[in-house]
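Have a look at the structure below, then the notes.
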Amino acid sequence: MFSFLKNESTKLRETAKNWLYHAGKVYHFRKDLLSETELSTLVRLSEEVKVGMKDKSDSSDNRLRSSIEALKDHMEQVGGNYYPRTSMAENVEFFFAALIIYVGFTTFFIKPFKIPTNSMWPSYFGMTGEVYHEDEDKPGAIAKAFRFVSFGAKHYDVKAPASGELLIPMQRSGSGYQVFRRPANVKRYFLINAPGIEHSFYVGDERVSFKYPADFNLERQVLEPMKKAGTATPFDRVASMNGLGPDAFAGQVTETVYDPRTGRNVNVKLYLLRTGRKVEEGETLLSFDLMTGDQLFVDRMSYHFVSPKVGDGFVFKTDSIPGIREDKFYIKRLVGTPGDKVRIDGQAMIVNGEPAKGSIAFEKNAQGVDGYDGYLTMKGKSRLSVDLTRENTVPEGQFLALGDNSDNSEDGRMWGYVPEEAVVGRPIMIYYPFTKRFGLAK
């Protein structure tokens, strides 16, 4: 950065050091392929450069340049793939070295983790929505850029593609109908395909659609706030679909959907439900920001030296949990370690006969304050689920984990205990987005 402050002699010696680095690579990686003469020449020329670097006499710079040129010419003959190196080769090598370091670091020390759902709300936020009911409330270009950088907010503005009656594509489901949702890919970090959902609307023959991540709860985060504010949603007519007559639909369309069971695209017949809502071309149907979930650093080292404790934020992998049919990382609250007796009393968590300690979330759930609504005893249908209406003893080598947002969390109540080998670590810090939650994890 400050090379302009250095004199020519200093720069020359730094250049010489770089050539010696490349010569060392050629020697170590090709010494079994080179002849004795080629190796001895490489060593001799390298030593001449080293001597030149130490020489501080008036004529030393010229001798050092000559030594560097001689070493460079020899490496062009014997360097193979290690010299001369193109900038592309150097960049690729640097990328893979950095990748190896990153993988090793995240495997054994600190792992970044993004919270997709709101099962731990309000301790940690998953993806949330901020709805704009009026056009004047929508963020401008500068505000969008600021919100994107600061909060990971992506703006959605779905407008009517034409003037006429708004129509909702429906799909037959058993003896009834359901809103059609197409599986789709969305971009994560602008590059990686991630599972998503695509909704579409029709006005006459014109179609408009929008995609969002599969873990985002559109109903809870966008549609419910719109209803509470008295704002019409595109799906208002869907709630009164009982006893549909022949005039309930405006027609049929066919859309193509990828079928993961066959690996092929298939055509699906859809029925366009009349909503009775007249819209003008360009009228806003939905306007909201999708805010990214909290992104955490997870400590993977501590549990090698200390045992997990009740109250810890608890990150684990799901592939070894029989009751979960997916391979993901989950974050919940640890409510029981091996041998602990656990149950829910009212809306409070009871561990070993006393109110659970170790996290402020336990106390706030028991009181039902600050957004914590208390623990529920709902039980899954699986034989592996844990019924917390009664006391359960956590088995040896197992852990019990529940979400802080009890009525919006699939956890040990549904799929049972977390085996010891599935444990990953505990969250230590929220590093993004830059909200009041930024800092040490709860």
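Position one of the sequence shown corresponds to residue 0 (numbering that gives the first Met the number 0), numbered consecutively onward. Glycine is no exception: its CB is placed at the ideal position from the N, C-alpha and C atoms.
Through-space distance from residue j to residue i, alpha-carbon basis
| i | j | result |
| --- | --- | --- |
| R495 | N184 | The question about residue 495 has no answer, for the chain in this structure spans 0 to 441. |
| L449 | F94 | No statement about residue 449 is possible, as the shown extent of the chain runs from 0 to 441 and does not include it. |
| R64 | L11 | 8 Å |
| S39 | N6 | 33 Å |
| G51 | S66 | 8 Å |
| Y26 | K71 | 13 Å |
| L383 | S149 | 41 Å |
| T116 | S122 | 12 Å |
| S162 | Y176 | 26 Å |
| R389 | R299 | 33 Å |
| S381 | S408 | 16 Å |
| V341 | T291 | 33 Å |
| R187 | T336 | 35 Å |
| Y329 | Q397 | 16 Å |
| M0 | L19 | At M0, the pLDDT of 46 sits below 50, so the modelled position is not reliable and the matter cannot be decided from this model. |
| G367 | D386 | 21 Å |
| R276 | A421 | 51 Å |
For residue i, three-class secondary structure by DSSP
| i | result |
| --- | --- |
| R382 | coil |
| P426 | strand |
| V305 | coil |
| E279 | coil |
| M169 | strand |
| A360 | helix |
| P182 | strand |
| A69 | helix |
| D258 | strand |
| N17 | helix |
| E7 | helix |
| V368 | coil |
| L451 | In the structure as shown, the chain starts at 0 and stops at 441, and residue 451 therefore has no counterpart that could be examined. |
| T376 | coil |
| F1 | Confidence in F1 is poor, its pLDDT being 49 and thus under 50, which makes the residue's placement unreliable; the coordinate value appears in the next sentence. Coil, per DSSP. |
Identified DSSP bridge partners for residue i
| i | result |
| --- | --- |
| L269 | V252 |
| T127 | M290 |
| P354 | I349 |
| I141 | Note: I141 sits in no beta bridge, so no partner. |
| T392 | K340 |
| H455 | A query on residue 455 cannot be resolved here, the shown segment of the chain reaching from 0 to 441 and no further. |
| H198 | F209 |
| N192 | K186 |
| F108 | None, per the DSSP bridge assignment. |
Burial state of residue i (16 or more Cβ within 10 Å)
| i | result |
| --- | --- |
| T434 | exposed |
| H198 | buried |
| K331 | buried |
| E79 | The sequence given here has Gly at residue 79, not Glu. It is exposed - the Cβ of G79 has fewer than 16 other Cβ atoms within 10 Å. |
| D403 | buried |
| F200 | buried |
Closer than 7 Å: residue i CB and nearest the ligand HEM heavy atom
| i | result |
| --- | --- |
| I349 | The ligand HEM is not among the ligands present in this structure, which contains no ligands whatsoever. |
For the 8 Å Cβ check, are there 3 or more pairs between the stretch 265-283 and the stretch 150-166? yes
Three Cβ pairs or more, each shorter than 8 Å: is that satisfied between the stretch 404-422 and the stretch 316-328? yes
Taking 8 Å as the cut-off, does the stretch 192-208 touch the stretch 312-319 (at least 3 CB pairs, one atom from each stretch)? no
Does the stretch 299-306 come close enough to the stretch 350-362 that 3 or more CB-CB pairs lie under 8 Å? no
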